[in-house]
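To start, the structure under review is shown below, and the notes come after it.
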Amino acid sequence: MATAASKNIIEIRNLHKYFGDVQALRGVNLNVERGKVVVIVGPSGSGKSTLLRCINHLEVETEGEVWVDGKRLSEKNKDINSIRAEIGMVFQLFNLFPHLSVLDNIVLAQRVVRGRKKDEAVQIAHEQLKRVGISEKADNFPGQLSGGQQQRVAIARALAMNPKIMLFDEPTSALDPEMIKEVLDVMLALAKDGMTMVCVTHEMGFARAAADEVIFMDHGLIVEKGSPDAVFNHPQEERTKLFLSQILSH
Amino acid sequence: MTHSTGIDPNLPQVQASAKPRPKTLQERIDEFPWWVGGIFVIAIGAFYLVTTQTSFGEALNFIRIGIGITITTTLYAYSIALVIGLVAGLGRISRNVVVRNLSTLYVELVRGIPILVLIFYIALVAVPDSLGVFKTLGAWLTSNGLGFIGQPLAAINNDSISLNVRAIIALSVTYGAFLAEIFRAGIQSIGKGQMEAARSLGMSYGQAMRYVILPQAIRNVLPALGNDFVAMVKDSSLVSVLAVRDITQVARLYAGRTFRFREAYTILAILYLGMTLILSLVVRVLERRLHGNSRK
Ligand SMILES: Nc1ncnc2c1ncn2[C@@H]1O[C@H](COP(=O)(O)OP(=O)(O)OP(=O)(O)O)[C@@H](O)[C@H]1O
Ligand SMILES: [Mg+2]
Numbered sequence: 077m078a079t080a081a082s083k084n085i086i087e088i089r090n091l092h093k094y095f096g097d098v099q100a101l102r103g104v105n106l107n108v109e110r111g112k113v114v115v116i117v118g119p120s121g122s123g124k125s126t127l128l129r130c131i132n133h134l135e136v137e138t139e140g141e142v143w144v145d146g147k148r149l150s151e152k153n154k155d156i157n158s159i160r161a162e163i164g165m166v167f168q169l170f171n172l173f174p175h176l177s178v179l180d181n182i183v184l185a186q187r188v189v190r191g192r193k194k195d196e197a198v199q200i201a202h203e204q205l206k207r208v209g210i211s212e213k214a215d216n217f218p219g220q221l222s223g224g225q226q227q228r229v230a231i232a233r234a235l236a237m238n239p240k241i242m243l244f245d246e247p248t249s250a251l252d253p254e255m256i257k258e259v260l261d262v263m264l265a266l267a268k269d270g271m272t273m274v275c276v277t278h279e280m281g282f283a284r285a286a287a288d289e290v291i292f293m294d295h296g297l298i299v300e301k302g303s304p305d306a307v308f309n310h311p312q313e314e315r316t317k318l319f320l321s322q323i324l325s326h
Numbered sequence: 308m309t310h311s312t313g314i315d316p317n318l319p320q321v322q323a324s325a326k327p328r329p330k331t332l333q334e335r336i337d338e339f340p341w342w343v344g345g346i347f348v349i350a351i352g353a354f355y356l357v358t359t360q361t362s363f364g365e366a367l368n369f370i371r372i373g374i375g376i377t378i379t380t381t382l383y384a385y386s387i388a389l390v391i392g393l394v395a396g397l398g399r400i401s402r403n404v405v406v407r408n409l410s411t412l413y414v415e416l417v418r419g420i421p422i423l424v425l426i427f428y429i430a431l432v433a434v435p436d437s438l439g440v441f442k443t444l445g446a447w448l449t450s451n452g453l454g455f456i457g458q459p460l461a462a463i464n465n466d467s468i469s470l471n472v473r474a475i476i477a478l479s480v481t482y483g484a485f486l487a488e489i490f491r492a493g494i495q496s497i498g499k500g501q502m503e504a505a506r507s508l509g510m511s512y513g514q515a516m517r518y519v520i521l522p523q524a525i526r527n528v529l530p531a532l533g534n535d536f537v538a539m540v541k542d543s544s545l546v547s548v549l550a551v552r553d554i555t556q557v558a559r560l561y562a563g564r565t566f567r568f569r570e571a572y573t574i575l576a577i578l579y580l581g582m583t584l585i586l587s588l589v590v591r592v593l594e595r596r597l598h599g600n601s602r603k
């Protein structure tokens with residue numbers, strides 16, 4: 077079974093997830109190696125978000141196993157908070173804390189979860205804001221920022237925890253077209269820095285440039301996976317071809 | 308890179324609205340807060356009565372002795388009710404079945420019983436009964452060699468808890484249930500994305516509540532909390548049935564002794580009106596300040 081020394085930082089075995097009668101995942105197997113970028117595509121309702129959310133236990137699996145960095149996630153695992161601290165997550169709707177300034181958004185978890193001193197946390201927050209290119213907004217409140225800026229703050233907030241893995245759930249799909257690039261640029265730079273990333277996104281350009289592996293999901297299963305070139309240009313499965321023709325046609 | 312929109316996001320996002328059309332006379336008449344004028348007339352009338360008619364002046368002088376008790380009873384009871392309400396409100400949404408059902412039971416019990424009955428019951432039945440439990444516990448502890456805790460416990464008797472204190476307990480238990488519902492609604496009004504973001508950063512449920520959910524929830528329910536404070540000022544009059552000498556009780560005593568019912572109850576009503584109006588005004592100003600500051 078997975079160990080800390082294993083090259084796979086994420087190992088998912090036979091993952092099933094039910095919401096009542098709805099079967100969102102129907103036996104997913106997936107390994108992600110350290111430092112790799114995996115892009116997940118697939119039609120709406122195919123279980124992409126559910127899979128991602130099982131990786132940091134925002135959803136609890138009905139059956140199967142999720143291992144992260146050699147630790148099995150389970151309901152009984154008292155360590156879940158410390159495991160989550162190693163996994164950054166970026167949401168479609170940013171989910172910044174509206175009552176806190178941009179700086180405090182990034183400082184809060186560093187202090188209460190990582191136990192960092194204020195000065196250290198503030199310094200790290202400034203470094204991360206610089207990394208995502210919005211140093212000048214530290215004292216603003218989230219409501220005063222554009223969508224693209226908010227999403228970059230959300231990325232900085234996750235990065236400040238020094239996570240080993242970053243999960244992205246359609247980080248650009250709530251953004252106006254002109255703001256998508258600024259977020260994708262940050263994600264590309266992150267990929268270049270060697271961050272392990274699992275991204276649900278339909279941004280083909282990003283997938284081609286950054287992904288080591290593209291996964292196509294449908295009806296709660298991984299239907300096809302491979303390099304961006306293999307999946308996008310030479311899909312083997314009919315469902316993949318159909319899906320690609322639909323998203324490329326608009 | 309940061310100026311992708313061409314709009315400076317620092318600018319307030321107020322759309323330049325068209326200049327408001329001047330209002331017609333009819334609209335002005337319709338919108339004018341005439342009721343404030345009515346209050347004004349009542350205030351002047353009260354002032355006139357008290358200064359010109361000695362019987363009203365005397366009544367005021369006597370009844371205002373109770374103001375202190377009314378205010379302290381309300382303040383103590385409301386502070387305790389805030390704590391009970393927060394705990395029970397969190398309990399109402401707890402994932403723990405026992406905690407959740409106990410909290411719901413408490414809220415439903417209190418909401419199903421008239422406040423007056425609750426005050427009688429808590430002050431004259433529940434408090435003495437729990438004292439009985441303390442006594443038994445104290446005696447048991449003492450007989451088991453733990454006299455240092457047991458003896459003080461056993462020494463508590465009915466007289467050591469005054470009716471004033473019982474009134475405060477009764478009011479706070481009652482209002483705790485009301486405030487619990489306010490806190491619960493406030494917490495549930497915060498989108499679940501906030502809890503998920505906090506948890507995904509590694510915060511525990513408690514940390515997420517404390518640092519992320521509650522600050523936003525409480526801000527949302529401040530007006531409702533203010534309204535309930537005003538309501539409690541009025542409901543504190545019910546503790547007069549326990550012979551607690553608040554303004555209502557003092558007014559009743561005065562009326563009973565002098566048979567000046569008109570004076571006693573006019574003054575009493577005006578005192579409550581004065582307190583609640585001032586408090587409502589404070590609540591409204593607070594509310595406006597919050598709205599002005601709220602960062603969307
Ligand atoms: N909390 C929930 N309760 C009930 N059903 C859910 C819940 N979350 C997801 N589902 C269902 O599970 C299935 C998979 O949902 P999921 O959100 O994972 O899909 P997705 O691939 O992310 O879709 P999209 O592209 O629309 O985001 C869907 O049928 C959805 O309706
Ligand atoms: Mg989704």
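Those protein sequences? They're chains A and B, same order as listed.
For any residue, its number in the working numbering is found by taking its place in the first sequence, counting from 1, and adding 76.
For any residue, its number in the working numbering is found by taking its place in the second sequence, counting from 1, and adding 307.
Ideal Cβ positions, reconstructed from N, Cα and C, are used throughout, including at glycine.
Remember, predicted model here, so these are calculated numbers, not experimental data.
About 6 Å separates the beta carbon of Pro119 (chain A) from that of Phe319 (chain A), a gap short enough to meet the 8 Å contact definition. Residues of the same chain with a CB within less than 8 Å of the CB of Leu438 (chain B), apart from the 5 flanking positions on each side, are Ile463, Asn464, Asn465, Ile468 in chain order. Between Ser177 (chain A) and Val348 (chain B), the alpha-carbon positions lie close to 48 Å from each other. Residue environment for His133 (chain A): buried (at least 16 other C-beta atoms within 10 angstroms of its C-beta).
DSSP lists A:Ile241 as the beta-bridge partner residues of Thr272 (chain A). Glu570 (chain B) and Ser543 (chain B) have their alpha carbons spaced roughly 21 Å apart.
One thing to note: Val540 (chain B) has its Cβ within 8 Å of the Cβ of Leu586 (chain B). Among the residues facing chain B, His175 (chain A) is included, as its CB has a counterpart in that chain under 8 Å away. Arg559 (chain B) counts as buried, since no fewer than 16 other beta carbons sit within 10 angstroms of its beta carbon. A heavy atom of ligand 2 is found nearer than 7 Å to the CB of Val276 (chain A). At a cut-off of 8 Å, the C-beta of Glu503 (chain B) has a neighbouring C-beta in chain A. Interface residue (Cβ-Cβ distance to chain B less than 8 Å): Met242 (chain A) is not classified as such. The beta carbon of Lys93 (chain A) lies closer than 7 Å to those of Ala100, Leu101, Thr126, Cys130, Glu135, Glu137, Thr138 in the same chain, with the five residues before and after it left out. Runs of the alpha helix (DSSP H) lying entirely within the stretch 174-238 of chain A, each at least 4 residues long, are 178-188, 194-207, 223-235 in chain order.
When 9 Å is used as the limit between beta carbons, Arg526 (chain B) is near these residues of chain A: His175, in chain order. It is roughly 12 Å from the alpha-carbon of Ile298 (chain A) to the alpha-carbon of Arg89 (chain A). Interface with chain B (8 Å Cβ-Cβ cutoff): Ser158 (chain A) is included.
The DSSP-derived three-state label of Gln312 (chain A) is coil.
Contact check for Leu169 (chain A) and Gly500 (chain B): beta-carbon distance about 6 Å, within the 8 Å limit, so the pair qualifies. Against chain A, the CB of Ser511 (chain B) has a partner CB under 8 Å away; the residue lies at that interface.
Glu338 (chain B) has its CB no nearer than 7 Å to any heavy atom of ligand 2.
Excluding the 5 residues flanking it on each side, Pro530 (chain B) has same chain C-beta neighbours closer than 6 Å at Glu594, in chain order.
Between ligand 1 and Lys268 (chain A), a heavy atom-to-CB distance of less than 7 Å is absent.
Nearest to Met263 (chain A) by C-alpha distance, out of A:Asp195, A:Asp145, A:Val208, A:Lys147, is A:Val208. Within the same chain, no Cβ atom closer than 7 Å to the Cβ of Phe566 (chain B) is found once the five residues on either side in sequence are excluded.
If you ignore the 5 residues before and after Ile525 (chain B), its C-beta comes within less than 7 Å of the C-beta of Gly493, all in its own chain and listed in chain order. Listed along the chain, the chain B residues whose CB falls inside 7 Å of the CB of Met165 (chain A) are Ser507.
For Met237 (chain A), the residues of chain B that pass the 9 Å Cβ criterion are Leu508, Gly509, in the order they occur in the chain. In this structure the stretch 150-159 of chain A does not lie against the stretch 478-496 of chain B, because fewer than three pairs of beta carbons, one per stretch, are closer than 8 Å.
Around Val188 (chain A), the beta-carbon contacts reaching into chain B at under 7 Å are Met510, Gln514, Tyr518. Taking the beta carbon of Ala161 (chain A) as reference, the chain B residues within 8 Å of it are Leu508, Gly509, listed in sequence order.
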